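Going down the list, the sequences are from chains A and B.
So the first sequence is residues 1 to 460, counted in the working numbering.
So the second sequence is residues 461 to 1133, counted in the working numbering.
No residue lacks a Cβ here, since even glycine has one placed at the ideal position from N, Cα and C.
Since the model is a prediction, treat every value here as computed from it, not as a measurement.
For reference, the structure discussed in these notes is given below.
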Amino acid sequence: MEKPSEKSWKKQPWFWSSAVASVILRLVLIVYFPNTLNFSSRPEVSTPLTSLRRLAEGYWLKQSSMSPYAGSMYHGSPLLLSILGPLTIDRGEGKSNHLLCGLAFVIADFITAILIRAIGQLLQVADIKSLKSLGATTHLNVSENFPSGDIAALVYLWNPLTIITCLGYSTSPIENLVTVLSIYGACMRLVPLAAFGWVIASHLSLYPVILVIPLVLLVGSGLDTPPRKLFPYIDDDQIQNKKSLNRIIFSWRRVFLFFLWASIWAFYVLILCGISLKDYSSLGEMFKRTYGFILSVEDLSPNIGVLWYFFAEVFDFFRNFFLMVFHINILFMVLPLAIRLHHRPCFLAFVYIAISSILKSYPSVGDSALYLGLLGLFVNALADMQFSFFLFSGYLGTLLLSPVMHNLWIWRGTGNANFYYATAMAYACFQIILVVESVSSMLNHDRALKKVSFCVNKFE
Amino acid sequence: MASTPGIEGQKQKHRPIIRIGIFIIVHSLLVSVVCCVAGVLALLLLPVLAKKTYISENALMPGSASSMISDQDVSGATRFINELNSLKSKSQNTGIEIPRLIALHMANMGGEVSYHNFQTQQNNFHPLHFFTSPNAEANFVNKTRESSAINTIGIIRAPRGDGKESIVLVTPYNPLNLSQTEALSLGIAYSAFSLLTQVSWLAKDIIWLAADSQYGQYNSVAAWLRHYHSPSFDTCHESNLDSTVSVSVSVSDSFRRAGTMAAALVIKVAETSEEFEQDSLNIYAEASNGQMPNLDLINIASYLAVHGQGFRVRVEKFMSLVDATWLKVIGHVFEFVGKIARSLNPQWKFGISVKEYVEGSATLVSSLYNQALGVPTGSHGAFRDYQVDAITMEISPKLSSISKSRQTEFLFRGGSLIEGVIRSVNNLLEKFHQSFFLYLLTSSNRFISVGVYMIPFLLLVAPLPIAAASLFSDANNSKNPPSTSFKSWRWLHPTKTVFLIHLWGAIVSLLPYFTYQIPDSNPTSRLLTWISLSIFALIVLRSFFRSYSEWTLLKSVTVSASFVGLCLMSVINFATAEIGAMFLVPMCLMIRPWRVAGKIQSVLNFVLIVFGFPWSGFFVVRGLFGIENGSGFDEFWYWVESLWAWNSATYIYICLVHLPCWVLCIYILLHRC
């Protein structure tokens, strides 16, 4: 337990300097190049749900005593309006009015990175503890392990996708922050915090609802461990010695507390929303305009997802059927993955986030930024991941191709929607390969652990 | 660490798709050679594969109505030309008198007339222009007010239209020094305009833009288009003409508009052509960054010119290539193959004659070159930025056109050609969308569509990912890898190197901003400043990457980066990517450290690298295409400057893809291993 903390302490100056450098880069880009690249108008960055321009519109409507959801412009939470809305007011005199918002997003990104780092440190401590209990530390030279928390945090901070999202004034950094907050709370076993994060994240973008399974697993049985069936190989007296370490008891009490807190927070959020919408609108309209808008895929403007094109083409009387099919797609994968990966709840959360960001109705690169950051947490387990370079080139290629195809279609008029959709499909394919490869290499890692622990026990 | 000796011992069974991949990777050398040769062959075959053009949109119906242009219109045009000529000889202040005269005639014919007073804009250097929307450009404020010019605009409101669509006629002329050909082109536009004011079938408004080209033909049209598409409410700078000139007719103070533009025709008259017995029509279509107008527009113009008026239609070609022996030899080979094919099966219409092949290749090469430059070939290029299809129709009269009667006939034919094209476009219900936007021309009535010309390119670049994969697997299977774990992440180090070099490329592309800040410097010194600053930046960045022991991984990453870059460029501007691939692909595939490679290969690599440098590559391309080269440094600098001025994506390509790959290749060549 001493070793990793000492190591991370040694690495810390390096970590902090590059983290601060990334924040400075963001600030420089926000202050000096506010409108050079027009990230906020790119379909890859801002979706109907996360666009700050829409939020400003909603805030304006609310200020003029109208429902913020009037005119199908705003589809976010009323709470975001109250928090971010005042920052979007145009102060006139040619000042860049989004400066404060940009600052808020930079802070959100930074806090997210710090939380990811904390999660990584917790995970690494747990990892080494369980390896020791398996007696496999000598075989799997732990000294080669990287400080996965630092790596994940820096991957998140320096990921061009995160930077673009931050500069593009979309509210994804806030959503990512809340999602990571809930995982952090669950890792620390702070039940109220985990419940708070989960409720707010689901309130903001609906899809984090499926994170309830990893969160419950984390709260109930603790951090990622090797599969439980490895432990029977260890002798009885060893179990006696390390009982406190090995024995994993699923704590139903905490789970009950989690749901209790979740319902309290949900109630609280609903009351706050109700107050905030009191004079102009109702909770019913809020649900219809936020969750309903997400589920019924009303806005068919192009994005990097795969749904818009399909629902632009599909016949109207099949629409409801296919809506169900597409949404059930996500739910279909929830249970099998939960059964297969229940011993690694953090990794399960990563897989869920990745899958929902592939199949969600209005995806943006901000979602990819989150799961790519979380991928860094498992850098030691995924050391032997296949096709990593192929995936890297693929991500790079499709993300560069996407604006070019958009330009060809929208501005030059020489291409058409198929050009842009082709890149969206390629992007989805690469994401799927990433998920498949990471899951399979995680399972391989578990198998390798099993072999090692088996050998250890045989020799002993 | 996942693989204990037990697993490594047994042969792993893969899925079929992976087995195919492994098979290709193992035979990567053979596959690369075959693909490259096939790519070059397919490129040479393109003139043979060209298809005949056809009019795809049925609504156009070119030539279905008989020409309505009358002697009255033509005699009016003749009078107009005479007035212009006399004004030119009499008046001192033609810069204001000629627009006034044109406005007067437009108004007399029944058009709405307005002036557009504009300042020429310095062509600014926007390296990121390609990815921003066109309207972002309209924001920047113009500070230089030293030179202003006047466009004259006449609009006919369509009796049957709703004023939401329009067709544009452009006649560029220089009011300070009006040449006879410019007067003739104004006359042709006059005759067409005069007819169109009277006809009842007009469904789209007609805009006649007499563009003042004293500061460049493109600038005047671009300025007018910018004003047309950006709503502005100040009318202060329009009115200064009315105060200086008393015009007897009503000239509108405000800027007049007439709906979205369906198409635009730029009418020009060239000097007399001595080659041909007939009048001939030259069509220019290339807009910025290799964009082309819809093929249908070219089709109707050439169809009407050939079948309606008996013009001889030509597309630009490199004359030097027509006499090239090597092309003739290839042509003979293809003709021979075609004959054999036909003797085997008469249905195979494969071969074309040598003359056709050579002419087709010369046109194709010119088409490729103009698209690759990314510089528009005329003022029609300005329209493409607003998604309006436009072509320049340059009519050149035959030798004996000086006589009076010949001029009338010429005006008559030109006018009826314009009338026919406008009538055809007038029939159009939607935007041009039916036919191709992505094509290369091999003659005025033969084209190669995107589906065909992508094949040579794809064959040419296909070896790159295969070579990258094979090098990557070689590096991973090498005997003593530095560390057993993180084997699959070892590419991160070479990727860092490649990234830094590409970052350097981006810095190089931005440096001219700063070299322009140095006042009073000549091209050579600017070029030298640029080069020295680039080298300095490279040395600074060099300190960030430590030398990496494995060249195979570095080459693999370099090759993948060039593949991604070439594929991206092929979408942005195909011609640049094709020409660029000719340089990059052999260089990237062949390169090896000179300590590893044999003597012959090293020499070959050295030659490839010398030719791969943009400066020498530029002269090689120009030499191959038969464009005469001037003196070294200045020529190159002016060329690069023109690329900035036209916001050509080719410049971005050279700086962000070609140059970094070239530097990386040198790095690999000099690698100590």
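- Contact between the stretch 523-530 of chain B and the stretch 915-928 of chain B is absent, with fewer than three C-beta pairs closer than 8 Å.
- Chain A places a beta carbon closer than 7 Å to that of Ile1032(B), counting this residue as a contact.
- In the displayed model, Pro147(A) falls within coil according to three-state DSSP, outside both helix and strand.
- Lys550(B) and His565(B) have their C-alpha atoms spaced approximately 19 Å apart.
- Beta-carbon to beta-carbon, Val1017(B) and Val958(B) are separated by about 5 Å, close enough to satisfy the 8 Å threshold.
- In this structure, Asn159(A) sits away from Ala354(A), with a CB-CB distance that is not shorter than 7 Å.
- When the five nearest sequence neighbours on each side are left out, the beta carbons in the same chain lying within less than 6 Å of the beta carbon of Phe892(B) are those of Asn754, Asp756, Asp849, in order along the chain.
- Chain order gives the chain B residues near Phe389(A) as Phe932, Trp951, where near means a beta carbon separation below 7 Å.
- Less than 7 Å separates the beta-carbon of Val191(A) from that of Leu257(A).
- Annotation: Val766(B) is outside any alpha helix (DSSP H) and is labelled neither H nor E by DSSP.
- With a cutoff of 7 Å on beta-carbon distance, Trp1122(B) and Gly1072(B) are scored as near each other.
- Contact between the stretch 735-746 of chain B and the stretch 827-841 of chain B is present: 3 or more CB-CB pairs across the two stretches fall below 8 Å.
- The three-state reading of DSSP puts Ser903(B) in strand, counting E and B together.
- Counting every other CB atom within 10 Å of its CB across the protein chains shown gives Thr984(B) a total below 16, marking it as exposed.
- Sequence-distant Cβ neighbours of Ile114(A) in its own chain, meaning closer than 6 Å and more than five residues away, do not exist here.
- When DSSP states are grouped into helix, strand and coil, Ile610(B) belongs to the strand group.
- Using a Cβ-Cβ cut-off of 7 Å, Thr162(A) does not count as an interface residue toward chain B, since no Cβ of chain B sits closer than that to its own.
- When Cβ-Cβ separations below 7 Å define contact, Asp127(A) makes no contact with chain B.
- In chain order, Ser516, Asn754, Leu755, Asp756 place their CB closer than 6 Å to the CB of Ser895(B), counting only its own chain and leaving out the 5 sequence neighbours on each side.
- Close to Val491(B), with beta-carbon spacing below 9 Å, lies no residue of chain A; the smallest spacing is near 18 Å.
- With a cut-off of 8 Å on Cβ pairs, the stretch 196-206 of chain A is in contact with the stretch 169-181 of chain A, counting three or more such pairs.
- Comparing alpha carbon positions, the residue from Thr50(A), Ser46(A), Pro78(A) closest to Gly284(A) is Pro78(A).
- For a Cβ distance threshold of 7 Å, nothing in chain B lies close to Ser18(A): the least Cβ distance comes to about 13 Å.
- Under DSSP, Trp668(B) forms a beta bridge with Gly614(B), Leu629(B).
- Taking a Cβ-Cβ threshold of 7 Å, none of the residues of chain A is close to Phe974(B); the smallest such distance is about 16 Å.
- Between the alpha carbons of Phe932(B) and Lys360(A) lies a gap of roughly 34 Å.
- Residues of chain A with a Cβ closer than 9 Å to the Cβ of Leu1028(B) are, in chain order, Gly397, Leu400, Leu401, Val404.
- Nearest to Ile111(A) by alpha-carbon distance, out of Pro68(A), Leu99(A), Tyr156(A), Asp127(A), is Tyr156(A).
- Within a 10 Å sphere around the beta-carbon of Ala510(B) sit 16 or more other beta-carbons, which makes this residue buried.
- Measuring C-alpha to C-alpha distances from Ser645(B) to each of Gly875(B), Gly481(B), Gly555(B), Pro507(B) identifies Gly875(B) as the nearest.
- By the Cβ-count criterion, Asn407(A) is buried, with 16 or more other Cβ atoms from all chains shown falling within 10 Å of its own Cβ.
- Bounds of any alpha helix (DSSP H) do not take in Tyr575(B); it lies within the beta strand (DSSP E) bounded by 572-579.
- For Tyr427(A), the CB contacts under 6 Å within the same chain, skipping 5 residues up- and downstream, are Ile304, Thr398 in chain order.
- About 4 Å separates the beta carbons of Ser46(A) and Ser170(A), which is inside the 8 Å limit, making them a contact pair.
- Within 7 Å of the CB of Ser393(A), the CB atoms of chain B belong to Ser1020, Val1024, in sequence order along the chain.
- Non-local beta-carbon contacts of Met73(A) in its own chain, meaning distances under 8 Å to residues more than five positions away in sequence, involve Arg54, Glu57, Gly58, Leu61 in chain order.
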